[in-house]
Amino acid sequence: MKAAAINERSAYTLYMLGVTLHMLNYNKAAIVALQAAAVETPSSPAVFIALGAAQRGERDYASAEKSLLNAKKLERTESAELYKELAALYGEMHQYDKAVADLEQMLKVGSFADEDIAKIKEQIRIWKDLAAKQTSKRGQ
Numbered sequence: 034m035k036a037a038a039i040n041e042r043s044a045y046t047l048y049m050l051g052v053t054l055h056m057l058n059y060n061k062a063a064i065v066a067l068q069a070a071a072v073e074t075p076s077s078p079a080v081f082i083a084l085g086a087a088q089r090g091e092r093d094y095a096s097a098e099k100s101l102l103n104a105k106k107l108e109r110t111e112s113a114e115l116y117k118e119l120a121a122l123y124g125e126m127h128q129y130d131k132a133v134a135d136l137e138q139m140l141k142v143g144s145f146a147d148e149d150i151a152k153i154k155e156q157i158r159i160w161k162d163l164a165a166k167q168t169s170k171r172g173q
């Protein structure tokens, strides 16, 4: 957080610090920086996407979902990055139907190489199978 002390109210500095810390897997520190960035720029979907990703990294799924859904409300145009984060969150939460829906939406709004599309479709297939197993277990 010393880097942000130069201009402690710089949302961009806090955001970049948070993203960098998250990429280094220092999620607790990333969350602090990104929450500070969110205070400075409460209308930035990018800040809330990064915050949700860091919260997911800490397995704080309720907070991650709240942050990501807030980002979804703030976005003017849909982003594949948001749907990727939501899908990863719902996959970890074993909410496979939601995860599948978000991956399918990610494919619609993003542009991907053919090999990446194949990997995403394979993940969709896996999660659909897991969702079907969950449904059949509930029905028993």
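In this text, residue positions in the sequence shown follow this note's numbering: the first is 34, and each later residue adds one.
Glycine residues also receive a C-beta, built at the ideal position from the N, C-alpha and C atoms.
Backbone CA spacing between residue i and residue j [nearest angstrom]
{"i": "F81", "j": "K161", "result": "28 Å"}
{"i": "I157", "j": "R92", "result": "22 Å"}
{"i": "A83", "j": "V52", "result": "6 Å"}
{"i": "A37", "j": "G90", "result": "Its pLDDT being 48, under 50, A37 is placed unreliably in this model, and the coordinates cannot settle the point."}
{"i": "Q88", "j": "Y94", "result": "7 Å"}
{"i": "E98", "j": "L122", "result": "7 Å"}
{"i": "K170", "j": "G124", "result": "18 Å"}
Supposed contact pair residue j and residue i - C-beta distance, whole angstroms, cut 8 Å
{"i": "I153", "j": "L140", "result": "6 Å"}
{"i": "V142", "j": "A113", "result": "5 Å"}
{"i": "H55", "j": "A104", "result": "The pair is not a contact, with the Cβ atoms about 15 Å apart (cut-off 8 Å)."}
{"i": "A63", "j": "L47", "result": "Their Cβ separation, rounded to whole angstroms, is 10 Å, which puts A63 and L47 out of contact at 8 Å."}
Own chain, CB closer than 6 Å to residue i, minus 5 neighbours either side, in chain order
{"i": "L119", "result": "L101, D135"}
{"i": "P78", "result": "A104, L107, E108"}
{"i": "A44", "result": "A70, E73, T74"}
{"i": "K117", "result": "M139"}
Contact set for residue i: own chain, Cβ-Cβ below 7 Å, skip 5 residues either direction
{"i": "D130", "result": "A164"}
{"i": "S96", "result": "Q88"}
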